[in-house]
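Presented below is the structure to which this report refers.
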Amino acid sequence: MGTSVTEAITLTENPDIITLVFSNDPDTTYDVDLPYANYSACFVTRFDAPIGCRLWVYEGTAAETVEACKEGHVQVCGEPVYSTYNETLCGSGPEGSE
1 MGTSVTEAIT LTENPDIITL VFSNDPDTTY DVDLPYANYS ACFVTRFDAP IGCRLWVYEG
61 TAAETVEACK EGHVQVCGEP VYSTYNETLC GSGPEGSE
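Here's what the structure looks like:
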């Protein structure tokens with residue numbers, strides 16, 4: 001199995017930018033555009049290529065809210081919206097994580 005990489009998100013003074021740090025390279029930070037957020041269930045980040053846009057959904061978000069979040073992603077980034085979450089690798093949350 002591959003190496004697990006976690007991401008830490010830090011808010012900045014600019015509400016349209018967040019800072020990401022990846023666990024495999026903690027000395028490098030990335031300022032990322034935040035073109036969409038509903039602040040209660042999800043937000044979208046936009047990188048320069050090759051990563052592009054990413055939809056982030058808070059744990060425990062209801063399925064219908066996730067669909068609304070996907071619509072927000074489509075508004076700012078277009079389609080398709082790919083799901084990269086893998087419960088087997090990521091766990092189902094704190095109680096399912098190792």
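In full-length UniProt numbering, the protein residues as written are 1 to 98. We put the beta carbon where it would ideally sit given N, CA and C, even for glycine.
Distance from the CA atom of E79 to the CA atom of P26, rounded to whole angstroms, is 31 Å.
CA-to-CA, the gap between W56 and A63 works out to about 14 Å. Taking C-beta atoms as the reference points, C77 and C53 count as a pair closer than 8 Å. Residue pairing by DSSP places L34 opposite no residue, since no beta bridge is assigned to it. Per DSSP, reduced to three states, the secondary structure at E64 is helical.
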